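Below is one structure, written out as structure tokens, with a few remarks after it.
Number of protein chains: 2
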Amino acid sequence: MTRQPSSGDRPTVKDVAASSGVSATTVSRVLAGNYPVSTATRARVMKAVRELDYVINAQARALGGGGTKTVAFIVHDLVGPAFAYVGQGVEQQATAEGRLCLVCTTHGDPERELELIELMREQQAEAVVLVGGGSNSRSYVERITQIARALDKSGSRLVLCGRPPLSPEVPATVVEYDNEGGAYAITSYLISLGHRDIAFLGAGEPGHTTVDGRLRGFERAHEAHHLPMTPQRTRAITFDRESGYQATRDLLARGEKFTAIFAATDVVASGVLVALREAGLRVPDDVSVVGYDDIPLARDLTPELTTVHVDHEELGRTAVRYALNRDRHAMSQHTVIGTHVVIRNSTGPAPKPARTRPGK
Amino acid sequence: MTRQPSSGDRPTVKDVAASSGVSATTVSRVLAGNYPVSTATRARVMKAVRELDYVINAQARALGGGGTKTVAFIVHDLVGPAFAYVGQGVEQQATAEGRLCLVCTTHGDPERELELIELMREQQAEAVVLVGGGSNSRSYVERITQIARALDKSGSRLVLCGRPPLSPEVPATVVEYDNEGGAYAITSYLISLGHRDIAFLGAGEPGHTTVDGRLRGFERAHEAHHLPMTPQRTRAITFDRESGYQATRDLLARGEKFTAIFAATDVVASGVLVALREAGLRVPDDVSVVGYDDIPLARDLTPELTTVHVDHEELGRTAVRYALNRDRHAMSQHTVIGTHVVIRNSTGPAPKPARTRPGK
DNA sequence: TTGTAAGCGTTATCAC
DNA sequence: GTGATAACGCTTACAA
């Protein structure tokens with residue numbers, strides 16, 4: 001007698017087996033397709049599957065057979081363009097490798113991050129991708145190390161995306177981009193245009209790996225060209241449009257001398273442009289502006305923004321690819337993706353003499 | 001004798017039980033915390049949990065106990081700003097309700113969409129959120145109806161986010177925004193500024209629900225003000241920046257008469273602005289431009305874009321909230337979220353006489 | 001080629 | 001309070 005599945009109570013292999021007159025094992029074999037089954041039987045089983053509208057229970061399968069085929073993606077938020085692109089890459093590669101993609105947001109809360117890692121451990125995610133720069137503080141590094149070990153013990157792999165490597169003994173996959181190199185390159189470009197007084201908006205949060213790298217590239221470029229740096233021209237900000245705006249106004253209000261501004265991100269640069277425009281300064285005639293990331297916004301700004309291109313999507317793809325196809329004996333992995341300067345219309349030769357605050 | 005867990009082989013309740021000298025049942029109770037357990041026992045168990053670094057197996061729990069506490073989010077892609085915000089809302093609400101969030105992208109492929117629905121059925125997702133406008137074609141509606149029924153049978157709920165409701169007999173939750181109303185309002189605003197010749201960029205794909213709604217609002221506003229519409233001024237596009245750019249160039253090249261452009265999305269509007277600028281036309285002095293969506297980009301364009309605000313994040317939140325806390329007896333649900341016009345600097349009084357192609 | 005039976009790790013049921 | 005024991009739905013030896 002055939003069971004009559006009703007709403008909310010799914011048919012199981014047993015139902016299919018009963019309905020097609022075979023054993024549950026055979027049904028399983030037909031569905032998995034990895035075992036010889038006679039054509040006639042297969043047909044009968046498939047017919048029953050269709051009639052009952054049977055779908056396998058992923059939980060039960062995971063428990064009985066292999067693992068769970070899941071990749072977790074933990075990120076600050078989904079709407080930052082850079083994050084969204086990394087996410088896109090992660091999802092894409094996970095799908096390509098036959099995995100499902102779990103996504104969680106921390107909103108910058110370290111506690112929440114920890115909770116999520118535990119959750120992902122429960123879920124047996126094959127890889128747990130952490131996106132975005134982290135702190136460089138001793139305690140933070142220790143924490144991440146611990147997490148990496150815990151995940152490793154649970155048979156899952158920690159992937160750090162867009163931050164520097166940990167010690168080689170830590171079981172983790174690290175995929176970063178040449179953050180410092182990009183900053184060095186674009187700063188050098190400004191210097192080659194004759195700029196000598198360049199403001200840097202994006203200091204602050206000392207120990208934040210992304211910021212640190214960009215600032216370091218900025219500094220190294222100055223050293224390489226034997227140019228002095230003045231601390232008054234580097235500003236701590238919060239990496240949103242508004243803080244770029246405020247920092248620029250502050251720079252102008254204090255009468256700092258500068259002919260160019262290096263904004264730590266494209267989003268910050270968008271605020272910079274507004275402030276300069278309000279102050280009656282022309283870009284790039286009076287002041288050159290550069291950003292970092294090359295998100296689509298960079299092309300929509302007026303003028304179009306000269307910036308450092310980072311292939312965020314590739315970053316996400318690479319992260320998953322490496323984590324899933326790694327040498328099981330290798331402890332740590334580390335890859336760096338290149339960056340390059342994209343020249344658009346927000347940069348030009350330094351005006352002479354250098355501008356100061358208008359009207360001062 | 002205590003088991004020694006090694007890499008990749010997780011301790012189980014049994015290990016914890018053995019290590020703390022109680023039964024597996026007791027361990028389960030301590031962990032669930034929903035049953036009386038003596039303080040002493042609880043302490044011993046927790047100690048063992050910590051020592052073994054035990055984490056529960058979510059799959060096994062799902063199989064044994066209740067369901068899976070998962071919400072699935074199926075979307076065209078993650079990087080479209082509107083999608084990203086809906087996703088943010090979905091994730092946020094899912095988390096708030098103690099659910100995990102699975103995310104998958106279709107890249108516009110209907111086959112892929114079907115596959116994903118099946119996958120989500122296997123995963124026993126409590127809710128499956130489909131984001132973005134769909135087709136209105138008979139076959140498409142039938143397909144969705146079938147999907148809704150299939151999911152319902154599997155005990156999971158289909159949620160349509162940002163598209164019109166299906167028939168009341170179809171078990172689905174629909175959350176849309178007042179798409180047509182927003183288009184009506186912003187068109188009326190243009191008309192109130194004296195514009196009589198308004199181009200609409202975003203026709204095409206007849207049957208696409210989002211586009212249809214916006215065009216209908218545009219048309220209704222014309223009717224309400226007894227204004228004629230000329231088909232030559234509505235253009236089919238592909239909803240990216242480039243197609244907005246091309247459509248505008250085409251409009252100009254053909255010498256169409258217009259004093260304002262209604263771009264179907266903010267992204268399209270960004271392309272429109274570029275084309276107008278290249279043609280030497282000033283916005284809003286020569287031509288007014290409006291968009292739709294009010295994504296952050298709208299404020300970064302020059303001039304800042306007048307557009308229709310849609311709270312995409314709230315859309316996502318509402319979708320999940322309704323799907324999870326619905327009346328189990330109600331078949332279909334339907335909610336509409338309001339939209340409103342945001343006036344910025346891309347719109348102004350219609351110039352007179354109406355501009356045509358410059359130099360013509 | 002097919003079936004039987006024993007897990008997988010948890011929770012629920014029913015005793016004690 | 002606590003502990004056996006039987007599900008949950010699937011896979012995978014081991015047999016036939």
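Going down the list, the protein sequences come from chains V and H.
Under full-length UniProt numbering, residues 1 to 360 are what the first sequence spells out, in order.
Under full-length UniProt numbering, residues 1 to 360 are what the second sequence spells out, in order.
Backbone N, C-alpha and C fix where the C-beta goes; we use that ideal spot for every residue, glycine too.
Just so you know, these numbers come straight off a predicted model, no measurement behind them.
On the three-pair Cβ rule with 8 Å, is the stretch 76-89 of chain V touching the stretch 76-90 of chain H? Taking one beta carbon from each stretch, the stretch 76-89 of chain V and the stretch 76-90 of chain H have 3 or more pairs nearer than 8 Å; the two touch.
With a threshold of 7 Å on Cβ separation, who are the neighbours of V331/V within its own chain once the five nearest residues in sequence on each side are excluded? Indexing the first sequence from 1 puts residue 331/V at position 331. The sequence shown places Met at residue 331/V, not Val. The answer, listed in chain order, is P168, E169 and P171.
Rounded separation between E97/H and N325/H - CA only: As a working mapping, residue 97/H is identified with position 97 in the second sequence. As a working mapping, residue 325/H is identified with position 325 in the second sequence. Roughly 10 Å between the two C-alpha positions.
Helix or strand or just coil, what does DSSP make of I295/H? As a working mapping, residue 295/H is identified with position 295 in the second sequence. Looking at I295/H - three-state DSSP - the assignment turns out to be coil, as it is neither helix nor strand.
If we cut at 8 Å on Cβ distances, does A330/V have a partner in chain H? Locating residue 330/V in the first sequence gives position 330, where the first residue counts as 1. No, because no Cβ of chain H sits closer than 8 Å to the Cβ of A330/V.
Pull up the distance between the alpha-carbon of H340/H and that of G182/H, whole angstroms please. The count along the second sequence starts at 1 and reaches residue 340/H at position 340. The count along the second sequence starts at 1 and reaches residue 182/H at position 182. Roughly 6 Å between the two C-alpha positions.
Mapping the DSSP letters down to three states, classify S192/V as helix, strand or coil. Taking the first residue of the first sequence as position 1, residue 192/V is located at position 192. Three-state result, S192/V: helix.
For Q4/V, count neighbouring C-beta atoms within 10 Å of its own C-beta (all shown protein chains included) and say buried if the count is 16 or more, exposed if not. Reading the first sequence from its first residue, position 4 is the one you call residue 4/V. With a pLDDT of only 44 at Q4/V, under the threshold of 50, the placement of this residue in the model should not be trusted; the figure read from the coordinates follows. Exposed.
Rounding to the nearest angstrom, what Cα-Cα distance links A72/H and V129/H in this structure? For the purposes of this step, residue 72/H is taken as the residue at position 72 of the second sequence. For the purposes of this step, residue 129/H is taken as the residue at position 129 of the second sequence. In a straight line, the C-alpha of A72/H is about 6 Å away from that of V129/H.
Interface positions of the stretch 180-209 of chain H facing chain V (Cβ-Cβ less than 8 Å), listed along the chain: Residues passing the 8 Å Cβ filter: none.
So, under 8 Å CB-CB, Q333/H and T173/H are touching, yes? Tell me the CB distance rounded to an integer number of Å. The count along the second sequence starts at 1 and reaches residue 333/H at position 333. The count along the second sequence starts at 1 and reaches residue 173/H at position 173. Contact holds; Cβ gap of about 4 Å.
Below-8 Å beta-carbon distance, G65/V vs any chain H residue: The residue you call residue 65/V lines up with position 65 of the first sequence. Closer than 8 Å: no.
From A263/H to Y140/V, what distance separates their C-alpha atoms? For this step, residue 263/H is matched to residue 263 along the second sequence. For this step, residue 140/V is matched to residue 140 along the first sequence. Roughly 47 Å separates the two Cα atoms.
Could you check whether the Cβ of T105/V sits closer than 8 Å to any Cβ belonging to chain H? Against the first sequence, residue 105/V aligns to sequence position 105. Interface flag for T105/V against chain H is set, since a Cβ pair is found closer than 8 Å.
Strand pairing of F200/V, partner residues [DSSP]: Here residue 200/V is taken as the residue at index 200 of the first sequence, counted from 1. For F200/V, which the question treats as bridged, DSSP gives the partners T234/V and F262/V.
Boundaries of the alpha helix (DSSP H) in which L119/H is found, first to last residue: Within the second sequence, residue 119/H is the residue found at index 119, counting from 1. Residues P110 to E122.
Given this structure, state the Cα-to-Cα distance separating N57/H from D9/V, to the nearest angstrom. Working through the second sequence from its first residue, we reach residue 57/H at position 57. Working through the first sequence from its first residue, we reach residue 9/V at position 9. C-alpha separation (whole angstroms): 23 Å.
Can you pull the DSSP bridge partners for T335/V? Here residue 335/V refers to the residue found at position 335 of the first sequence. Beta-bridge pairing links T335/V to V175/V.
Label K47/V either buried or exposed according to how many other C-beta atoms from any shown protein chain fall within 10 Å of its C-beta, with 16 as the threshold for buried. Position 47 of the first sequence, counted from the start, is the residue given in the question as residue 47/V. Counting every other CB atom within 10 Å of its CB across the protein chains shown gives K47/V a total below 16, marking it as exposed.
Assign H312/V to one of two classes, buried (16 or more other C-beta atoms within 10 Å of its C-beta) or exposed (fewer than that). Along the first sequence, one-based indexing puts residue 312/V at 312. Burial call: buried.
Would you say E91/V reaches chain H, if we count a Cβ-Cβ gap shorter than 8 Å as a contact? Translated into the one-based positions of the first sequence, residue 91/V becomes position 91. Contacts with chain H at 8 Å (Cβ-Cβ) include E91/V.
Could you give the distance in angstroms between the alpha-carbon of A298/V and the alpha-carbon of L305/V? Indexing the first sequence from 1 puts residue 298/V at position 298. Indexing the first sequence from 1 puts residue 305/V at position 305. Their backbone Cα atoms lie some 5 Å apart in a straight line.
Taking the alpha-carbon positions, what's the L158/H to A148/H distance? Numbered from 1 along the second sequence, position 158 holds the residue referred to as residue 158/H. Numbered from 1 along the second sequence, position 148 holds the residue referred to as residue 148/H. Answer to the nearest angstrom: the Cα atoms are 5 Å apart.
Selection from R235/H, I74/H, V336/H and C101/H that minimises the alpha carbon distance to T318/H: In the second sequence, residue 318/H corresponds to position 318, counting from 1. Nearest C-alpha to T318/H: V336/H.
In three-state DSSP terms, what is R249/H? Position 249 of the second sequence holds residue 249/H. Helix at R249/H.
Would you mind working out which of V268/H, P296/H and D300/H sits nearest V290/H, comparing C-alpha positions? To locate residue 290/H, count along the second sequence from 1; it is residue 290. For the set V268/H, P296/H and D300/H, the Cα lying nearest the Cα of V290/H is the one of V268/H.
Spell out the partners DSSP gives R157/V in its beta bridges. Here residue 157/V corresponds to residue number 157 of the first sequence, with the count starting at 1. A127/V.
Under a Cβ-count criterion, where at least 16 other Cβ atoms within 10 Å of its own Cβ denotes burial, should H195/H be classed as buried or exposed? Against the second sequence, residue 195/H aligns to sequence position 195. Note on H195/H: 16 or more other CB atoms within 10 angstroms of its CB, so buried under the neighbour-count rule.
In chain V, which residues lie less than 8 Å from S288/H when you measure between Cβ atoms? Locating residue 288/H in the second sequence gives position 288, counting from the first residue. Correct list: empty, because the minimum Cβ distance to chain V is about 18 Å.
Can you tell which of N345/V, E176/V, P11/V and L193/V has the C-alpha that lies nearest to the C-alpha of Y54/V? Position 54 of the first sequence holds residue 54/V. Per the Cα distances, P11/V.
V283/H, DSSP secondary structure in three states: On the second sequence, position 283 is the one that residue 283/H refers to. Looking at V283/H - three-state DSSP - the assignment turns out to be coil, as it is neither helix nor strand.
Between the CA atoms of G213/H and H226/H - distance to the nearest angstrom: Within the second sequence, numbered from 1, the residue matching residue 226/H stands at position 226. Within the second sequence, numbered from 1, the residue matching residue 213/H stands at position 213. Each residue's Cα considered, the two are about 20 Å apart.
Please confirm if G359/V has its CB atom under 8 Å from at least one CB of chain H. Position 359 of the first sequence, counting from 1, holds the residue named residue 359/V. Any reading at G359/V must be qualified, since the residue scores a pLDDT of 41, below 50, and its modelled position is unreliable; the value itself is stated next. For G359/V, the nearest beta carbon of chain H is not closer than 8 Å to its own beta carbon.
Whole-angstrom distance between C101/V and E51/H, CA atom to CA atom: In the second sequence, the residue the question calls residue 51/H occupies position 51. In the first sequence, the residue the question calls residue 101/V occupies position 101. In this structure, the CA atom of E51/H is about 30 Å from the CA atom of C101/V.
Closest by CA to Q59/V, which one among K14/H, L114/H, E122/H and E91/H? Mapped onto the first sequence, residue 59/V falls at position 59. Minimum Cα distance to Q59/V is reached at E122/H.
Contacts around S112/V, its chain only, beta-carbon distance under 8 Å, and the 5 residues preceding and following it disregarded: As a working mapping, residue 112/V is identified with position 112 in the first sequence. It should be noted that the sequence gives Arg, not Ser, for residue 112/V. If you ignore the 5 residues before and after R112/V, its C-beta comes within less than 8 Å of the C-beta of T106, all in its own chain and listed in chain order.
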